Amino acid sequence: MTDVLEPRAIGRDLLRRDGGLKVRGTAVYADETPVPEGAGPPAYCRVVTSTVARGRIVDLDTTAAEALDGVQRVLTHATAEHLASTEDRELAVLQDAEVGFRGQIVAAVLADSDEIAREAAGLVEVRYAAEATNAELRAELRADRTDLYTPEKVNAGHETDTATGNMDDALALAPVTLERTYRTPMQHNNPMEPHATSALWTGTHLTLWDSTQSVHRVRDTVVQVFGLAPEQVRVVCPYVGGGFGSKGTPHANVVTAALAARALPGRLVRFALTRQEMFALAGHRTPTIQRLQLAAERDGTLRGIAIDVVEQTSKVKEFAEQTGVPTRTMYAAPNRRTTHRLAALDVPVPSWMRAPGECPGMFGPEVALDELAVELGIDPVELRIRNEPEVDPETGRPFSSRNLVACLRAGAERFGWADRDPEPGTRRVDGWWVGTGVAASVYPTIRMTKSTATVRREGDRYVGRIGAADLGTGAYTVLPQILADALGVDEARVDVLLGDTDLPEASVAGGSSGTTTWGSALVEAAREFRDEFGDDPREGDEAAADVPPNPAEQEYVMSAFGAQFAEVRVHADTGEVRVPRLYGVFACGRIVNPRTARSQLLGGMTMGLGMALHEQSLLDPRTGAVVNHDLAEYHVPANADVADLQAHWLDEDDPYVNPMGSKGVGEIGIVGTAAAVANAAWHATGVRVRDLPITLDKVLG
Amino acid sequence: MDPELTLTVDGATHTTTCDTRTSLLDLLRRRLGITSPKKGCDHGQCGACTVLVDGRRVLSCLTLAVTRDGAEVVTAAGIDGPLPQAFQEADGFQCGYCTPGQVCSAAGVLDEHARGWPSVVTADLTDTPALDDAEIAERMSGNLCRCGAYKGIREAVRTAAGAATR
Ligand code: FES
Ligand code: FES
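Sequence lines, in order, name chains E and F.
Just so we're aligned: the first sequence equals residues 20 to 720 in the numbering used here.
Just so we're aligned: the second sequence equals residues 18 to 183 in the numbering used here.
Below, the structure written as structure tokens:
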């Protein structure tokens, strides 16, 4: 048990502290960094990217580009500096003639204006010896590929495969079995702010104003790649225009910006990816193929549950999405299996996208459960309740708190589920087929192991410092609420500074871990502060603390849960799919700020709606190119796509997670949404869509 | 020789030269250091660069600066009245990157609505439509928000519309 804070500021729906700047547009993002005093006029960087998926550069002619007035440098593998470490192939920018995916950076032009840089980039001529990209082998994910392999671990350090009991026996003996294959597509994070860096090399020191979810991670990476000392590199990021994981780990653009700055000492170099370039250089969510097997008694009791996942990674660098992991926790069954297999393709490097693992990994299972419910004639809410485990099914450890059933019940009540007629394809209103569906959500409660915070008395205020990030999550607002309660002072007297490696080291804003991790460090620092200086500290008194380990993590499994209910309308003639109602009810610990937390949950659900209906990156297997690489063709939800969207939560007191009682709200909203919509689309039409997104061609079937 | 042009931005007059290829967005951001309008796509697909030019909302990334000599530009930094506060109260944003474009677009919507302009979802073209959720959603759909703040954005526009007509 941790000492849970007495909530005073915690729980209040305070306005965002950075709101005034954001609505006027005066919050400063990376590409907008003013030219620092003493630096020369800014230079602009544009890149040339590969047009083949695999091959070698045999000729690279920069003469015409260099001849252009205003061009300062053209960097290529022949002219760029040698990096100290090229171990991470994604970050080994301009180091050799090899091309590992289409869209890879093969040259960088630095010029006095962006227009000149862009023109010059167009003048660089590159010839490749392309290894023929065989349509079959190179860039196409299929479950029957013969070169699938077993990764050592999957993302976040999870086991690749797990098994309990005997799934084959369960399938042979159970009266009802179900085997289905589900697919989720390649997707792109597409934060509204393109990945951008302003970089300045003074000859000894490198400063990067970078759009990132972790300034310290960027610094450590750059230090390693360039062989610099940590004191030589500073990374600053006061505001991030969204990231959703793509800015959680530095990509090739950051290395390019640093290379460019070092080639032009004393000038601030600006490098922002174009929206199109982001589809190759900023990570993507791997497509998944999920084979689900369920074995059940006639009353719905699961005897077995298995998921076998096939997904892609890049030959350049491995990323193994942990898609099978949520199945390990969701439902009770004595026999179980989860596996992950990868195909290494000539594609850009996959990475984190909001709720990696849980988000795609709750599509297959939650639709499969719906299919089983139909087969058994049991209500899908009831089927889930019947399979609620008492302890974590794989580890046998108790949950610190688990309120999935309460979420299902509360959601059913709000949504008006009780009178639902289970028959599909029977309700037609004004030319639209109408249906409803449900699915569960889950996301683990993660506390990162490293983060340090300081607390200092300054004037009549208290200032917390931690190099964390607010990418719209509300950290600027929520962390002062936490620190105020930890210090026992009024929230209005507390500031928390973020986003600079000159501040104490903080973990990445990812895994919905920010509030939990940074909050724990701040609470610990506040305890030290009070112990040392009492309630009447003097100017300059300061205490520091690391995030403490939580021994309860060994004893308990910690997770947030939720239930999402969707109403879907499918136009009888055109197949157009709309979602007039989407309600989520979550049990995600104590809510520190209802206003910002609600926005996080709604934002996750909105992205889940995009996953259900819109989002898919279409990779041409012959060329390795994402052909719909912009916002006109990679569709994300627009305002009118979102109708009656509601996020609610239950009061949940979990004394084991951390002193705030928080579980994280950034990702759970996207988990399960697509399954709820797909289940509702089936209920509306009788057509079962097992591969996302649910487009009109599929429902017209 | 780069041509010279004069713009009024949020009330201040700027005279500058610019490369004829420069978009209004890049002129504001790069040349004048006015970074309230954002670049989300540079292709007219996201709305982040929305500003008001002579009172009408335009995508500044699709506007060549030299075509707007003498224009009066208003960015979100120059918008007063109930909108900015309404956006904050409704938490109509998260990361804030689409937000200046949303605020400018919202100002445009309020003005267009006040002039009685219909939208594609307006049922009765003979009457001024009420600015309900569906009307606002339709009129604001040119501004993408990846953070998914649409519900708050609609609430903010509704609140500001109410305040304007009171
Ligand atoms: S930047 Fe102009 S519409 Fe996207
Ligand atoms: S607030 Fe982040 S994109 Fe709209």
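Using N, Cα and C, we set each Cβ at its ideal position, and we do this for glycine too.
Bear in mind the structure is a predicted one, so any value in this text is a computation, not a measurement.
Proximity test, Cβ basis, 8 Å: residue i and chain F
i                 : result
Tyr-462 (chain E) : no
Gly-491 (chain E) : yes
Arg-658 (chain E) : The displayed chain sequence assigns Asn, not Arg, to residue 658 (chain E). So yes, Asn-658 (chain E) belongs to the interface.
Asn-209 (chain E) : yes
Val-655 (chain E) : yes
Arg-439 (chain E) : no
His-661 (chain E) : Just to set this straight, residue 661 (chain E) is Val in the shown sequence, not His. Closer than 8 Å to some Cβ of chain F, the Cβ of Val-661 (chain E) qualifies, so yes.
Asp-649 (chain E) : yes
Lys-172 (chain E) : no
Exposure label - residue i; buried when at least 16 CB within 10 Å
i                 : result
Tyr-168 (chain E) : exposed
Arg-121 (chain E) : buried
Met-18 (chain F)  : exposed
Arg-146 (chain E) : exposed
Thr-414 (chain E) : exposed
Gly-28 (chain F)  : exposed
Glu-25 (chain E)  : exposed
Val-573 (chain E) : At residue 573 (chain E) the sequence reads Gln, which differs from the Val that was named. Looking at its Cβ environment, which holds fewer than 16 other Cβ atoms inside 10 Å, Gln-573 (chain E) is exposed.
Arg-480 (chain E) : exposed
Ser-636 (chain E) : buried
Thr-143 (chain F) : exposed
Ala-374 (chain E) : buried
Lys-56 (chain F)  : buried
Ala-488 (chain E) : buried
Gly-222 (chain E) : exposed
His-224 (chain E) : exposed
Val-137 (chain F) : exposed
Ala-148 (chain E) : exposed
Leu-715 (chain E) : exposed
Extent of the continuous beta strand (DSSP E) to which residue i belongs
i                 : result
Ala-277 (chain E) : Segment 271 to 282 is the alpha helix (DSSP H) holding Ala-277 (chain E); no beta strand (DSSP E) there.
Phe-584 (chain E) : 578 to 590
Glu-477 (chain E) : 471 to 477
Asn-354 (chain E) : 354 to 364
Ile-308 (chain E) : 307 to 315
Residue i: first and last residue of the uninterrupted alpha helix (DSSP H) it sits in
i                 : result
Ala-540 (chain E) : 533 to 552
Tyr-495 (chain E) : 494 to 506
Ser-618 (chain E) : 613 to 632
Ile-135 (chain E) : 133 to 142
Gly-246 (chain E) : No alpha helix (DSSP H) holds Gly-246 (chain E); DSSP gives it neither H nor E.
Asp-716 (chain E) : 715 to 719
Gly-17 (chain E)  : The requested residue 17 (chain E) does not occur in the structure, where chain E is confined to residues 20 to 720.
Thr-82 (chain E)  : 82 to 86
Short CB-CB distance (under 8 Å) between residue i and chain E
i                 : result
Thr-32 (chain F)  : no
Cys-66 (chain F)  : no
Cys-63 (chain F)  : yes
Leu-81 (chain F)  : no
Asp-108 (chain F) : yes
Cys-78 (chain F)  : no
Ala-140 (chain F) : no
Glu-172 (chain F) : no
Val-120 (chain F) : yes
Pro-101 (chain F) : yes
Thr-84 (chain F)  : no
Closer than 7 Å: residue i CB and nearest ligand 4 heavy atom
i                 : result
Phe-110 (chain F) : Looking at this structure, you won't find ligand 4 anywhere; what it does contain is ligand 1 and ligand 2.
Just list the alpha helix (DSSP H) runs in the stretch 181 to 210 of chain E, keeping only unbroken ones of 4 residues or longer that don't cross its boundaries, in chain order. List check, alpha helix (DSSP H) in window: 186 to 192.
Q) Do the stretch 87 to 99 of chain F and the stretch 152 to 165 of chain F meet, that is, are 3 or more Cβ pairs less than 8 Å apart? A) no
Touch test, the stretch 200 to 210 of chain E against the stretch 22 to 40 of chain E, Cβ-Cβ under 8 Å, three pairs minimum: no
Pairing CB atoms from the stretch 258 to 266 of chain E with CB atoms from the stretch 84 to 104 of chain E, are three or more of them under 8 Å? no
- Residues from the stretch 497 to 528 of chain E in contact with chain A, defined by Cβ distance under 7 Å: Looking at the structure shown, chain A is missing, and the protein chains on hand are E and F.
Exercise for review: Please specify which runs of the alpha helix (DSSP H), each continuous and at least 4 residues long, are wholly inside the stretch 375 to 456 of chain E, giving them in chain order.
Suggested key: Given a length threshold of 4 residues, each whole run of the alpha helix (DSSP H) inside the stretch 375 to 456 of chain E is given here in chain order: 377 to 380, 382 to 395, 399 to 405 and 423 to 434.
| said: Which runs of the alpha helix (DSSP H) at least 4 residues long sit entirely within the stretch 59 to 128 of chain F? Give them in chain order. | reply: 99 to 106
Are the stretch 51 to 68 of chain E and the stretch 122 to 133 of chain E in contact at 8 Å, needing three or more beta carbon pairs? yes
Counting beta carbon pairs with one atom in the stretch 320 to 332 of chain E and one in the stretch 297 to 310 of chain E, are three or more of them shorter than 8 Å? yes
Give a yes or no on contact between the stretch 606 to 621 of chain E and the stretch 676 to 686 of chain E, applying the rule of three or more CB pairs nearer than 8 Å. yes
_Taking contact to mean 3 or more Cβ pairs, one atom from each stretch, closer than 8 Å, check whether the stretch 545 to 563 of chain E and the stretch 459 to 476 of chain E are in contact._
Pairwise C-beta distances place the stretch 545 to 563 of chain E in contact with the stretch 459 to 476 of chain E, as three or more of them are shorter than 8 Å.
Counting Cβ pairs, one atom from each stretch, are 3 or more of them under 8 Å apart for the stretch 493 to 504 of chain E and the stretch 587 to 599 of chain E? Touching, no, given that fewer than three Cβ pairs across the two stretches are closer than 8 Å.
| request: Examine the Cβ distances between the stretch 287 to 295 of chain E and the stretch 382 to 396 of chain E and report whether three or more of them are shorter than 8 Å. | output: no
**Q.** Runs of alpha helix (DSSP H) wholly within the stretch 146 to 180 of chain F (minimum 4 residues, chain order)
**A.** You should have 150 to 156.
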